[in-house]
Amino acid sequence: MRIVLMGPPGAGKGTQSRRLAESTGMKHLSTGDMLRAEIAAGSELGLLAKGFMDKGDYVPDSNIIAMIQQYVSDPAGVLLDGFPRTLVQAESLDESFSAAGLPIDKVVHMSVDTDELVKRLSSRAVCKSCQTPYNLISDTPSKEGVCDKCGSDVIVRDDDKPEAVKNRMKIYEELTAPVLNYYKSRGNVIEIIANGTPDSVFEELTQAIGTGN
Ligand code: AMP
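In terms of our numbering, the sequence shown has 345 at position 80, counting the first letter as 1, and numbering is strictly consecutive.
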């Protein structure tokens, strides 16, 4: 199965993709996680990406496409989280999939009220190494600042700070909303209202894509 998970910053794409990948065995491809790993490794791509990411801007299409190309048509199935984010990326993905004879099965759009998004992003933290997400109010690590899973530091992402968040929301509307319309015109978008708890959204998601009970 090939699934694209879409939604604004804070919609819960990362949290839900991780859970879905664990329960289905699909490969989770998060361009955000891949870029943060490049930054942590101090690579040339990481250095370039950090300049864009810290401000909440998108990393150039050519870098993103080159980074993800080799993984997207994995015959085991993929769960795309945070990609494609622009029409250029969506067209490139179509080319990769059609070259491999693999169609996109479902595009899931997670929509969340703006107030709820702002609330989530302003309390979000993440493990610097394994990217496990936390919420500083409702889902804190057992030991403050330390990841329960791998013991690394739990941090607030630079791009979750208020100025960057505002820019990310604006860019999402300008560049990523058209991608959603592109998929809608093909009729394979499933809409999910993702205002609820991670458990309730997961339930809805698995029902929607047919992997639930
Ligand atoms: P995410 O973890 O998906 O919220 O992504 C964090 C940041 O990484 C975004 O705000 C962008 O700066 C960058 N990024 C992730 N995926 C993409 C993409 N597909 N195209 C461009 N930039 C991306």
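Beta carbons are placed, not taken as given, at the ideal position from N, Cα and C, and that holds for glycine.
Close-in-space but distant-in-sequence residues of the same chain around residue i (CB under 8 Å, 5 per side omitted)
i: residue 288; result: 471, 476
i: residue 310; result: 300, 303, 328, 332
i: residue 423; result: 318, 319, 429
Residue i Cβ short of 6 Å to the ligand AMP heavy atom set
i: residue 375; result: no
i: residue 317; result: yes
i: residue 444; result: no
i: residue 300; result: yes
i: residue 399; result: no
i: residue 433; result: yes
i: residue 347; result: yes
i: residue 441; result: no
i: residue 225; result: It is not possible to answer for residue 225, since the shown part of the chain is limited to 266 through 478.
i: residue 280; result: no
i: residue 379; result: no
Exposure of residue i, with buried meaning 16 or more beta-carbon neighbours within 10 Å
i: residue 355; result: buried
i: residue 457; result: buried
i: residue 295; result: buried
i: residue 312; result: exposed
i: residue 280; result: buried
i: residue 365; result: exposed
i: residue 282; result: buried
i: residue 411; result: exposed
i: residue 273; result: buried
i: residue 462; result: exposed
i: residue 307; result: exposed
i: residue 413; result: exposed
i: residue 441; result: buried
i: residue 469; result: buried
C-alpha gap between residue i and residue j, whole angstroms
i: residue 384; j: residue 464; result: 18 Å
i: residue 375; j: residue 352; result: 19 Å
i: residue 417; j: residue 407; result: 13 Å
i: residue 315; j: residue 298; result: 12 Å
i: residue 451; j: residue 291; result: 24 Å
i: residue 322; j: residue 392; result: 22 Å
i: residue 459; j: residue 420; result: 24 Å
i: residue 277; j: residue 433; result: 15 Å
i: residue 369; j: residue 426; result: 34 Å
i: residue 445; j: residue 435; result: 15 Å
i: residue 474; j: residue 341; result: 17 Å
Residue closest to residue i, alpha-carbon to alpha-carbon, out of the options
i: residue 335; options: 318, 357, 324; result: 357
i: residue 447; options: 363, 382, 430, 350; result: 350
Neighbourhood of residue i by C-beta, 6 Å cutoff - its chain only, sequence neighbours within 5 removed
i: residue 372; result: 269, 448, 453, 454
i: residue 394; result: 415, 417
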